[in-house]
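What follows is a single structure, written as structure tokens, with notes after it.
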Amino acid sequence: MNEGIVAFIRSLAGSLRDLTPIILVIGFFQVVVLQQPLPEFGRVFLGTGLVVLGLTFFTYGLEMGLFPLGESLAFNFAAKGNLAWLLAFAFALGFGTTVAEPALIAVAEEAAEVAAHGGIVSNEPEALERYADNLRYTVALAVGLAIVLGVYRIIRGWAIHWFIISGYVLVVLMTAFAPRSIIGIAYDSGGVTTSTITVPLVTALGVGLASSIEGRNPMVEGFGLIAFASLTPMLFVMGFGMVMHA
Amino acid sequence: MTETLGKLAYTVGATLWDVLPIAAILLAFQFAVLRRPLPDPKRILWGFGFVLLGLALFLEGLELALFPLGRSMALQLTDPDFLSEAVGPAGPEHHWSHYYWVYLFGAAIGFATTVAEPALIAVALKAEEVSGGAIGAFGLRIAVALGVAIGIALGTWRIVTGYPLYWFIIAGYIVVVMQTLFAPRIIVPLAYDSGGVTTSTVTVPMVTALGLGLATHIPDRDPLLDGFGLIAFASLFPMMTVMAYAQLSQWFARRKPS
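So the protein lines, in turn, are chains A and B. For what it's worth, the working numbering labels the leading residue of the first sequence as 1, then goes sequentially. For what it's worth, the working numbering labels the leading residue of the second sequence as 1, then goes sequentially.
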């Protein structure tokens, strides 16, 4: 039990260390650059306490729940040896975690406004909503396919850089043809798709798969799923723009 | 206090709602397809609970203490009134160099939020475990945070100057591809991954406010069009810094007399 308490305190200290830079930056800019008083001390103190506690719980639960879960799923799928089910799972995981991602919902709504602004869709709530929903499903589809491709790459042991480099070439080519108003959204959509719960699960899945297949190095083949999930949305959103804005 | 508790309960509920699809997919495959018992399901459930609670506390605390300040700061720093006070009155348009506090704030806040990013902590822990300690979790996170800092500073500068986004992205891709050819093979997938994980819970809200503030205050910028792109910058540069980190460590290791 004592060990548990020591581990918890060490973990708290780690969270505090991780948070110090934000506090310093905000404090410095508030007092020195903008020359304004610090707001109510109690509020900031309480908030910072919650953040530190939250980060500690998160890291704790990660090692206890999400990592073992992702790994055991990977081992069980490898043991079952059914590729179709594994790929179906990969797609469901990518699509399902992305379609409800709050950051993506926010970006899709902004994108609908941009489209209305440019006169691509009418400025009515229904048209905006339809546009935003379509965009969201497009990105979720892109992430689902990305995880499928990424998992298949792990199984075959293909080198990742060929995929990423050809992805970049495609992004550059499509940038030349995509409508200008979609490019910024497309580039950003790559970054917002991967949420804080998805990342540990997907990482554990990739590493678990690579370690349970003989001849795969978990460091070389296990990572890379997130990279796929960040690349395909750019392509799909630009494609979406080319279709919708044409 | 009661208000905070009420909000906290709401955030826990909202986080649960976000996680529902993930939980449904995991359960469906676990019970319908795999039909194998999980090792220690109770522990995993507890862990899941801790992750949810932790994330909710984390978000609520940020919303209480840091986000409002950070957001208003981003707006104030980009305000022409502040600029005139800092560098003296200018004509209708400020020179790009007048925005130095914005670049500095962008770099500092990009670095600071990335160090606290939970998703990055997860990947870094895994990388340390898998590499048997050859890649340190903290070193990796610092490398990624430096990348985000460079990315945001450059991205804000781009919004101020108005150069097209794709120039930077394409140039960045060329650098990443060149580095891929020379970097140690073991770091490449991890470096590619670190681009995607940097921008989530903490970084996105802060950075979005900065982009929006800049695009609103600078003449001839459309917040709807020019406010985008900072996240893309923040995802691109960590790939370079992580590969550079591995290249430097390799170089130093080689120089060391054996």
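Each residue gets a CB set at the ideal place from its N, CA and C atoms; glycine is no exception.
Terminal residues of the alpha helix (DSSP H) in which A:Arg43 lies: Translated into the one-based positions of the first sequence, residue 43 of chain A becomes position 43. Note, A:Arg43: alpha helix (DSSP H), 41-61.
7 Å Cβ cut-off: residues of chain B touching A:Thr48: The residue you call residue 48 of chain A lines up with position 48 of the first sequence. By Cβ distance, chain B contributes Gly61, Ala65.
Cβ neighbour criterion (16 or more within 10 Å) applied to A:Gln30: Here residue 30 of chain A refers to the residue found at position 30 when the first sequence is read from its first residue. Buried, by the Cβ-count rule.
Residue-chain proximity (B:Lys126, chain A), Cβ-Cβ < 8 Å: For this step, residue 126 of chain B is matched to residue 126 along the second sequence. Cβ-Cβ to chain A under 8 Å: yes for B:Lys126.
Selection of the stretch 159-177 of chain A by Cβ proximity to chain B, strictly under 8 Å: Ile160, His161, Ile164, Ile165, Tyr168, Val171, Val172, Thr175
CB contact check: A:Thr138 to chain B, cutoff 8 Å: Against the first sequence, residue 138 of chain A aligns to sequence position 138. No, its Cβ sits nowhere closer than 8 Å to a Cβ of chain B.
Cβ pair count under 8 Å reaching 3, the stretch 162-174 of chain B against the stretch 140-147 of chain A: no
A:Trp249 - DSSP class collapsed to helix/strand/coil: A query on residue 249 of chain A cannot be resolved here, the shown segment of chain A reaching from 1 to 246 and no further.
Contact residues within the stretch 89-109 of chain A, judged by C-beta distance below 8 Å to chain B: Phe89, Ala92, Leu93, Gly96, Thr97, Val99, Ala100, Glu101, Pro102, Ala103
C-beta neighbour in chain A for B:Arg36, strict 8 Å: Translated into positions along the second sequence, residue 36 of chain B becomes position 36. It does; some Cβ of chain A falls within 8 Å.
Positions along the stretch 211-235 of chain A whose CB lies within less than 7 Å of some CB in chain B: Pro218, Met219, Val220, Gly222, Phe223, Gly224, Ile226, Ala227, Ala229, Ser230
Which of helix, strand or coil DSSP assigns to B:Asp220: On the second sequence, position 220 is the one that residue 220 of chain B refers to. Reduced to three states, the DSSP call for B:Asp220 is coil.
Inter-residue Cα distance where the pair is A:Met234 and A:Ser189: The sequence position of residue 234 of chain A within the first sequence is 234, counting from 1. The sequence position of residue 189 of chain A within the first sequence is 189, counting from 1. So the two alpha carbons sit approximately 6 Å from each other.
Inter-residue spacing [alpha-carbon to alpha-carbon] between B:Leu15 and A:Ile226: Working through the second sequence from its first residue, we reach residue 15 of chain B at position 15. Working through the first sequence from its first residue, we reach residue 226 of chain A at position 226. As written in the sequence, residue 15 of chain B is Thr, which differs from the Leu given in the question. Their Cα atoms are separated by approximately 21 Å.
8 Å Cβ cutoff met for A:Gly184 and B:Val51: Working through the first sequence from its first residue, we reach residue 184 of chain A at position 184. Working through the second sequence from its first residue, we reach residue 51 of chain B at position 51. Not in contact: A:Gly184 and B:Val51 (Cβ atoms no closer than 8 Å).
Enclosing alpha helix (DSSP H) for B:Val12 [first to last residue]: In the second sequence, the residue the question calls residue 12 of chain B occupies position 12. Taken as a continuous stretch (DSSP letters only), the alpha helix (DSSP H) holding B:Val12 covers 2-28.
Contact with chain A by B:Gln76, beta-carbon distance below 8 Å: Numbered from its first residue, the second sequence carries residue 76 of chain B at position 76. Answer yes: the Cβ-Cβ gap between B:Gln76 and chain A drops below 8 Å somewhere.
DSSP three-state assignment for A:Leu38, whether helix, strand or coil: By one-based count along the first sequence, residue 38 of chain A stands at place 38. Of the three classes helix, strand and coil, the one that applies to A:Leu38 here is coil, per DSSP.
Member of A:Ala210, A:Val25, A:Ser15, A:Leu16 whose CA lies at the smallest distance from the CA of B:Val130: Counted from its first residue, the second sequence places residue 130 of chain B at position 130. The shortest C-alpha separation from B:Val130 is found at A:Ala210.
Test: A:Leu205 CB closer than 8 Å to a CB of chain B: The count along the first sequence starts at 1 and reaches residue 205 of chain A at position 205. Taking Cβ atoms only, chain B never reaches closer than 8 Å to A:Leu205, which makes this a no.
Endpoints, alpha helix (DSSP H) assigned at A:Leu73: Within the first sequence, numbered from 1, the residue matching residue 73 of chain A stands at position 73. Segment 67-80, the alpha helix (DSSP H) holding A:Leu73.
B:Lys126 classed as buried or exposed, judged by whether at least 16 other C-beta atoms fall within 10 angstroms: Locating residue 126 of chain B in the second sequence gives position 126, where the first residue counts as 1. Counting Cβ neighbours within 10 Å, B:Lys126 comes out buried, since at least 16 surround it.
Buried versus exposed call for A:Arg17 [16 or more other C-beta atoms within 10 Å across all chains shown]: Numbered from 1 along the first sequence, position 17 holds the residue referred to as residue 17 of chain A. The residue in question, A:Arg17, is exposed, as its Cβ has fewer than 16 Cβ neighbours within 10 Å.
Inter-residue CB distance, A:Phe276 and A:Leu149 (contact presumed, cutoff 8 Å): Outside the shown range of chain A, which is 1 to 246, sits residue 276 of chain A, and nothing can be said about it.
CB contact check: B:Asp220 to chain A, cutoff 8 Å: If you number the second sequence from 1, residue 220 of chain B lands on position 220. Not one chain A Cβ lies under 8 Å of B:Asp220.
Local Cβ density within 10 Å of B:Arg254, reported as buried at 16 or more and exposed below that: Mapped onto the second sequence, residue 254 of chain B falls at position 254. By the 10 Å Cβ count, B:Arg254 comes out exposed.
Inter-residue Cα distance where the pair is B:Ala244 and B:Ala191: The residue given as residue 244 of chain B occupies position 244 in the second sequence. The residue given as residue 191 of chain B occupies position 191 in the second sequence. The alpha-carbon atoms of B:Ala244 and B:Ala191 are separated by roughly 10 Å.
B:Trp157 burial status per 10 Å Cβ neighbour count (16 or more: buried): Position 157 of the second sequence, counted from the first residue, corresponds to residue 157 of chain B. Counting Cβ neighbours within 10 Å, B:Trp157 comes out buried, since at least 16 surround it.
CB-CB length for B:Gly54 against A:Phe236, believed under 8 Å: Stepping through the second sequence from its first residue, residue 54 of chain B is reached at position 54. Stepping through the first sequence from its first residue, residue 236 of chain A is reached at position 236. Actually they do not touch by this definition, with Cβ atoms about 32 Å apart.
Cross-chain neighbours of B:Gly70 in chain A, by beta carbon under 7 Å: Mapped onto the second sequence, residue 70 of chain B falls at position 70. Residues of chain A passing the Cβ test: Ile26.
A:Pro37: contacting residues in chain B (beta-carbon distance under 8 Å): To locate residue 37 of chain A, count along the first sequence from 1; it is residue 37. Within 8 Å Cβ-Cβ: nothing; A:Pro37 doesn't reach chain B, min ~12 Å.
Cutoff 8 Å: B:Trp46 Cβ touching any chain A Cβ: Counting from one through the second sequence, the residue named residue 46 of chain B turns up at place 46. Yes - at least one Cβ of chain A is within 8 Å of the one on B:Trp46.
Close beta carbons around B:Gly195, own chain, < 6 Å, minus the five adjacent residues each side: Translated into the one-based positions of the second sequence, residue 195 of chain B becomes position 195. Contacts found: Ser235, Pro238, Met239.
Separation of A:Val202 from A:Val192, as counted between CA atoms: For this step, residue 192 of chain A is matched to residue 192 along the first sequence. For this step, residue 202 of chain A is matched to residue 202 along the first sequence. Roughly 15 Å separates the two Cα atoms.
Inter-residue CB distance, A:Glu221 and A:Gly167 (contact presumed, cutoff 8 Å): Translated into positions along the first sequence, residue 221 of chain A becomes position 221. Translated into positions along the first sequence, residue 167 of chain A becomes position 167. Between A:Gly167 and A:Glu221 the Cβ distance is about 18 Å, and since that is not below 8 Å, they are no contact.
B:His95 burial status per 10 Å Cβ neighbour count (16 or more: buried): Within the second sequence, the letter at position 95 stands for residue 95 of chain B. So B:His95 ends up on the exposed side.
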